[in-house]
Amino acid sequence: MKKAVSILLMFVAFLIIYFLQVNFFTWFNIAGVMPNLFILLIMVIGLFAGKYAGISTGVVAGLFLDIFISKKIGVTAITLGLVGFIGALLDKNFSKDSRITLVLMVTILTLLYETLNYAINAIIFSYSLELVDFFIKLVIETLFNILITIILYPLIQKCGYALEENFKETKILTRYF
Numbered sequence: 119m120k121k122a123v124s125i126l127l128m129f130v131a132f133l134i135i136y137f138l139q140v141n142f143f144t145w146f147n148i149a150g151v152m153p154n155l156f157i158l159l160i161m162v163i164g165l166f167a168g169k170y171a172g173i174s175t176g177v178v179a180g181l182f183l184d185i186f187i188s189k190k191i192g193v194t195a196i197t198l199g200l201v202g203f204i205g206a207l208l209d210k211n212f213s214k215d216s217r218i219t220l221v222l223m224v225t226i227l228t229l230l231y232e233t234l235n236y237a238i239n240a241i242i243f244s245y246s247l248e249l250v251d252f253f254i255k256l257v258i259e260t261l262f263n264i265l266i267t268i269i270l271y272p273l274i275q276k277c278g279y280a281l282e283e284n285f286k287e288t289k290i291l292t293r294y295f
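So the sequence shown is residues 119 to 295, counted in the numbering used here.
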């Protein structure tokens, strides 16, 4: 029952982020660049809920975004699924208790997501590469995501540990001597 409530809350978080991206952040942008909160959401799910939850949520959220926004279906699904997978890998190698570590994770995943998304779309649509414009937009979006991660850190921690409690089974091995 707790997992069902957690999944419902993840869906509500997806809807809130979608409406923020579509409505609110269109007014507050720099050079037409907005933060990408979907990277943060999928990373948090992968980091705290595990590999399968991160990948599946990333793929499903990416498919929804591809259907509603994109010209090709599958590109965002693949890249967000990869973000969820890498988020789960980062859980095993780094501490998620530190704000700096979480900011570094968001930075790395934003750079990776946007670079892969740009490269795949450039191959599919065969348009000319404008690397200077892409680099400027990448830096602005990364700074936006870092700022939002710093602001939302307490909420991320609280929701993340609730997800971890519901999705990850703690295996306690008692030893009798």
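For every residue, glycine included, the Cβ atom is placed at its ideal position computed from N, Cα and C.
Taking C-alpha atoms, which residue in the options lies nearest to residue i?
i	options	result
N154	T194, Y170, K169	T194
Y136	L270, F156, I266, P272	F156
N239	V140, L273, D184, T267	D184
I196	L207, N211, V177	V177
V250	T175, Y236, S244, F129	Y236
I148	I254, A280, V140, G278	I254
L261	Q139, S216, L222	L222
R217	L138, A131, N141, I266	I266
According to DSSP, is residue i helix, strand or coil?
i	result
I163	helix
I173	helix
I148	strand
K286	coil
Y245	coil
F143	coil
M223	helix
K190	coil
M128	helix
K120	helix
P153	coil
F212	coil
G168	coil
How about residue i and residue j: do their beta carbons lie closer than 8 Å?
i	j	result
F285	A122	no
G150	I160	no
I264	V224	yes
L220	Y271	yes
L229	L247	no
I242	K276	no
G192	G164	no
E232	E259	yes
I274	V162	yes
Assuming the contact rule is C-beta atoms closer than 8 Å, residue i and residue j should be a hit. Round their C-beta distance to whole Å, please.
i	j	result
L198	G180	4 Å
If I measure Cβ to Cβ from residue i and keep anything under 7 Å in the same chain, skipping five residues before and after, which residues do I get?
i	result
K120	N284
F203	G164, K169, G172, I173
M128	I163, T175
Give every residue of the same chain whose Cβ lies closer than 6 Å to the Cβ of residue i, excluding the five residues on either side of it in the sequence, and list them in chain order.
i	result
M152	F143
K214	L165
F212	T219
Taking 8 Å as the limit between beta carbons, can you name the residues of its chain near residue i, skipping five residues before and five after?
i	result
Y279	F166
S124	A167, A280, L281, N284, F285
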